[in-house]
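**Student:** Quick one: this structure, given as structure tokens, is what I'll be asking you about.
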Amino acid sequence: MSHDHPEFKKWQEDELARSLARFPERREKFTRHGGAEVPGLALPGEIDDAYVENLGFPGRFPYTRGVQPTMYRGRLWTMRQYAGFSTAAESNKRFRYLLDQGQTGLSVAFDLPTQIGYDSDDPMSLGEVGKVGVAIDTLADMEILFDRIPLDAISTSMTINSPAMILLAMYIVVAEKQGVGPDRLRGTIQNDILKEYVARGTYIFPPRPSLRLITDIFRWCAKNAPKFNTISISGYHIREAGSTATQEVAFTLANGITYVETALAAGLELEVFARRLAFFFNASSNLLEEVAKFRAARRLWARIMKNRFQAQNPASMMMRFHTQTGGSTLTAQQVDNNIVRVTIQALAAVLGGTQSLHTNSRDEALGLPTEESVRTALRTQQVIAHESGVADTVDPLAGSYYIEQLTDEIEADALELINRIDEAGGVVACIENGFIQAQIENSAYEYQQAIERGEQIIVGVNEFQVEEEGPIPLLRVDPSVEEEQVRRLAEVRAGRNAQAAEEALARLEQAARTDADLMEPVLAAVRGYCSLGEICSVLRKVFGEYR
């Protein structure tokens, strides 16, 4: 297809208009050259059909070059720093600090007891309350967490999986109390249980009832909260567990296929729920491989949705994703080197076309990030956005021979792995027989062996070591947080309508024993200030636990 093709000419004209509108200083340059130059756009001499099919235009199938025609020239990615620790009140302070510093979206980290469905006063929670995230026991905690944060004006991501329905219900009710209906809420719940079984471990129920909960969320949100992303299919933790870039793509998309198949089997309409599927990827330090990984994942998902599931709506084929820089790449040695690592990783995410981004803090290999290190992490994104120039053009690396070759290789190898999973009976079967876990473990072992042999250099760890000057300031969670949280939970239980709470839990149990949708019974329990642990105990009783 030559430059004379009508579709290409229209795209070229649109890009020119947007560029000149955003950068008025370029208009003089454009006029001086007699209109012969399109700023920020490198044109090949000829574009053949194969080029269009594999690379195409930004915002058009197969979305190799991004899901929006103008990408960051039209709107920057959401800067969404992951935060949460101690009590809801302390986390609320951190949220409001980050928003004051220019963050454009919230991302909630929950503590371990919350992630696996235990209240703060449960013996299983001893010593873990508020340590790696915020402790949320009841609606009262969620009300404090979002105090003075308008939920109709901010989007919120919640990294929660097995009890995702319960935390989403709490968020919805808090919004109701602010006068914000669910149809106005924007955000994402991770809600990706399959990767928990192979990479992360914060599961509660067996796979099949867990998939039921996910499907019920899809159904309820499609009707009531159409702007909310109902799942963030996560490759991040797969990569953190030791997978390669190709395995991250393959296993993430295989999980996505399973969620789509499960929803279709439950009678949901593809074009209704598919547009609210989101993804979550890791950004590691191999800059060009990571850029190619994002492009390959986006293109492969578009083709899967179109060819495997016959999606017709372009929104159903788009892979929109959040990225977090690689936590496992951070080192306790020479922690300032982590700022450099995070910068490279963040740049890879931006060059790869991410929709939102979290940048890790320099001190996270040692403990929770301090306010100062969190600010530096956010400033890293802001410098990339406003000073580096990479947001001035739609797709800076398009046409790079190396990038396109890597993209093709990752896509082909990932598709081969997905086909192997299909042939073995699908993701659930491959979790049960350990195939996926073994693939990740082998890759992690090989990488560690390369480090120990000196073939893979980690600066400051196995090369270029220095004598450390002394400890750096760290954020420590006060041990009294657990006592305070337990006391607050007791107060909530004492102040609620006990009979109404018991009846709500009984109705939830009755619904769980049938094939009824569970979102409404969970919402009722949350409104009655039933605790997270109480609701999960009911579901444990019906569904059992995965071990």
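For the sequence shown, the working numbering assigns the number 53 to the initial residue and increments by one for each residue that follows.
Glycine residues also receive a C-beta, built at the ideal position from the N, C-alpha and C atoms.
Note that the structure is predicted; figures quoted are calculated from it, not measured.
Go through its chain and collect everything with a Cβ distance to R146's Cβ below 6 Å, but skip five positions before and after it.
**Tutor:** Answer for R146: A135, listed in chain order.
**Student:** Which ranges would you report for the alpha helix (DSSP H) in the region 301-376 if only whole runs of at least 4 residues count?
**Tutor:** Here the runs fully enclosed are 322-325, 339-355 and 366-369.
**Student:** Verify whether the separation of the beta carbon atoms of H374 and Q397 is less than 9 Å.
**Tutor:** It is not a contact, given that the beta carbons lie outside the stated cut-off.
**Student:** Which same chain residues, not among the five before or five after L403, have their C-beta less than 7 Å away from its C-beta?
**Tutor:** Here the set comprises V343, V442, P448 and L449.
**Student:** At which residues does the alpha helix (DSSP H) containing R132 begin and terminate?
**Tutor:** That residue, R132, is in no alpha helix (DSSP H); its beta strand (DSSP E) goes T130 to A135.
**Student:** Do three or more CB pairs link the region 316-323 to the region 428-436 at distances below 8 Å?
**Tutor:** Judged by Cβ distances under 8 Å, the region 316-323 makes no contact with the region 428-436, as fewer than three pairs qualify.
**Student:** Report, in whole angstroms, the separation of the C-beta atoms of V186 and S143, which I expect to be a contact under 8 Å.
**Tutor:** Right, their Cβ atoms sit about 4 Å apart.
**Student:** Grouping DSSP H, G and I as helix and E and B as strand, with all else coil, what is A161?
**Tutor:** Three-state result, A161: strand.
**Student:** In whole angstroms, give me the CA-to-CA distance for A546 and Y581.
**Tutor:** Straight-line Cα distance between these residues: approximately 11 Å.
**Student:** Can you list the beta strand (DSSP E) stretches of 3 or more residues lying completely in the region 250-296, in chain order?
**Tutor:** Correct list: 283-286.
**Student:** From S589 to D174, what distance separates their C-alpha atoms?
**Tutor:** Rounded to the nearest angstrom, the two C-alpha atoms are 11 Å apart.
**Student:** Expressed to the nearest angstrom, what Euclidean distance is found between the alpha-carbon atoms of H289 and A251?
**Tutor:** So the two alpha carbons sit approximately 6 Å from each other.
**Student:** Round the Cβ separation of R372 and A330 to the nearest angstrom and send it over; I've been treating them as touching at under 8 Å.
**Tutor:** The pair is a contact, with the Cβ atoms about 5 Å apart (cut-off 8 Å).
**Student:** Specify whether the region 124-141 and the region 357-369 touch according to this definition: at least 3 beta carbon pairs, one from each stretch, less than 8 Å apart.
**Tutor:** Verdict: no, contact absent.
**Student:** According to the neighbour-count rule (16 or more other Cβ atoms, all chains shown, within 10 Å of its Cβ), is R328 buried or exposed?
**Tutor:** Classification for R328: buried.
**Student:** Taking the alpha-carbon positions, what's the E89 to F113 distance?
**Tutor:** Since pLDDT at E89 reaches only 38, below the 50 mark, its modelled position is unreliable, and the value read off the structure follows with that caveat. Straight-line Cα distance between these residues: approximately 26 Å.
**Student:** Throw me the rounded Cβ distance for the S214 and D189 pair, which I believe falls under 8 Å.
**Tutor:** Contact doesn't hold; Cβ gap of about 16 Å is too wide.
**Student:** Just to confirm my understanding: we take N389, look at its own chain, exclude 5 residues before and 5 after, and list those with CB closer than 8 Å. What are they?
**Tutor:** Result list for N389: T383, V511 and G512, in chain order.
**Student:** List the endpoints of the continuous beta strand (DSSP E) containing E452.
**Tutor:** Strictly speaking, residue 452 in this sequence is Ser, with Glu absent from that position. No beta strand (DSSP E) holds S452; DSSP gives it neither H nor E.
**Student:** Considering just the uninterrupted stretch of the alpha helix (DSSP H) at S425, what are its terminal residues?
**Tutor:** Counting along the chain, the alpha helix (DSSP H) containing S425 begins and ends at E423 to E439.
**Student:** Leaving out five residues on either side along the sequence, give the residues of the same chain with a beta carbon under 6 Å from the beta carbon of T314.
**Tutor:** Correct list, in chain order: L263 and T267.
**Student:** Within 10 angstroms of the Cβ of D163, are there 16 or more other Cβ atoms? Answer buried if so, exposed if not.
**Tutor:** The residue in question, D163, is buried, as its Cβ has 16 or more Cβ neighbours within 10 Å.
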